[in-house]
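If you want our numbering, it's the 1-based position in the sequence shown plus 1192.
The C-beta atom is built at its ideal place from N, Cα and C for all residues, glycine as well.
One structure below.
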Amino acid sequence: MRVERLYRYPVKGLSAEALEEVELTAGECLPQDRRFALVQGDAPFEEAAPRFLPKQNFACLMANAKLALLASAYDERSGRLALRIPGEPPLSADTATEEGRATLGAALTRYLGEEARGTPRFTEAPGHAFTDQKKKGVSLINLASLAALEQAIGQELDPLRFRANVYFSGLPAWAEFDWVGREVLLGGARLAVFKRTVRCPATQVNLQTGERDLDIPRLLREHFGHADLGVHATVEEGGRVAIGDALEEVPN
């Protein structure tokens, strides 16, 4: 098995950023992954006491399909986030300052329009990741499973619909589900797979058009009897992971 693609998503619900390599740390997500979010104004999120909340408390593709048309890029050295919002000039602001976060939050709120609830705010909380799982970790997709879905529905799919961190090849379709409760070696890191990834309405969104054009959860259930694609794992032992690295199942 081989790592084919690596991605992080610095802002929950916004653009993927491709990586050539990454250094994983035990108990953490990929560096900068889901570090920031636009918190809806009625969400009970507190930066001083961050905790897991369901994704509908934040701007996300599940609820806000138009986010697919917005491009973002985060520079971790400068702390600046660049946004390209349809109909507006390019914007760049410093995520480390209150002024910069307010500028980003206001721009995203304008773009959401009626989908914004209350007064949303762009934020982060040290040590917290705005993931869809209570456990910090890494999401993986077997490209053979994705190909099986494409064949079943007769249509190619952008792999980024599924917003995974690691896309890999070399395993038969759906065999990754057998990893739940087991460990795998990913490059120089060791992961523990703890669950299958249940797919939500975010995967309905065409990333090119911003429209909901395919009901992926329904199609998975119709053709395969489940709504799952991919697995989630925690990082048990950190290490470097790069495109082309091996992925191996740890023998029992």
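Run through the DSSP bridge pairs and tell me what residue i is partnered with.
i     : result
D1267 : R1272
F1360 : V1195, N1334
E1213 : A1434
F1250 : V1231
H1320 : Its beta-bridge partners do not exist; DSSP assigns none.
E1440 : L1377
V1397 : R1404
K1387 : H1424
E1429 : R1382
R1313 : V1231
R1200 : E1209
Please identify the residue among the options whose C-alpha is closest to the C-alpha of residue i.
i     : options                    : result
S1264 : G1417, A1419, P1278        : P1278
L1262 : F1237, A1299, V1376        : A1299
L1349 : S1284, L1406, Y1199, P1443 : L1406
A1210 : G1417, A1419, E1196        : E1196
V1427 : P1223, K1204, L1206, I1408 : P1223
E1238 : F1322, V1203, R1269        : F1322
E1307 : L1275, L1332, Q1343, L1259 : L1259
L1324 : D1225, G1430, G1373        : Before going on, a small fix: residue 1324 reads as Asp here, not Leu. Considering only alpha carbons, the answer is D1225.
V1385 : R1309, C1221, S1331        : S1331
K1387 : L1377, K1326, E1212        : K1326
D1292 : R1309, E1316, I1435, P1443 : The displayed chain sequence assigns Gly, not Asp, to residue 1292. Taking only the C-alpha atoms, the option nearest G1292 is E1316.
E1414 : G1379, V1442, A1344, N1444 : A1344
L1198 : V1376, S1361, N1357        : N1357
L1216 : V1372, K1328, G1436        : K1328
G1346 : S1207, P1236, L1411, R1313 : L1411
Y1201 : P1281, R1355, D1437        : R1355
I1435 : G1205, G1271, E1213        : E1213
A1438 : L1421, E1403, S1361        : S1361
K1247 : L1206, E1280, L1421        : L1206
A1340 : F1416, F1314, R1309, R1272 : F1416
E1280 : T1301, S1270, E1290, E1268 : T1301
A1503 : I1408, P1409, P1351        : Shown here, the chain extends from 1193 to 1444; a query on residue 1503 therefore has no answer.
T1389 : G1305, L1421, E1268        : L1421
Taking 6 Å as the limit between beta carbons, can you name the residues of its chain near residue i, skipping five residues before and five after?
i     : result
W1366 : S1337
N1398 : D1405
V1203 : F1228, S1264
R1313 : V1231, G1297
P1282 : R1276
Considering only residues of the same chain and omitting the five flanking positions on each side of residue i, which have a CB-CB separation below 7 Å?
i     : result
T1311 : G1233
W1371 : V1385, V1423, E1441
Are residue i and residue j touching if we call contact CB-CB under 7 Å?
i     : j     : result
L1363 : A1425 : no
R1374 : A1419 : no
V1423 : E1342 : no
A1381 : G1319 : no
L1353 : T1395 : The sequence as given places Arg at residue 1353; Leu does not occur at that position. Yes.
L1378 : V1442 : no
Y1359 : L1335 : yes
T1295 : A1288 : no
M1193 : P1393 : no
A1257 : L1230 : no
E1429 : A1218 : yes
N1249 : A1240 : no
Return yes when at least one heavy atom of the ligand GTP lies under 6 Å from the C-beta of residue i, else no.
i     : result
G1380 : As for the ligand GTP, it is missing from this structure, which has no ligand bound.
Practice task
Could you pull out every unbroken alpha helix (DSSP H) segment of at least 4 residues lying fully inside the segment 1278–1309, listed in chain order?
Solution key: 1290–1304
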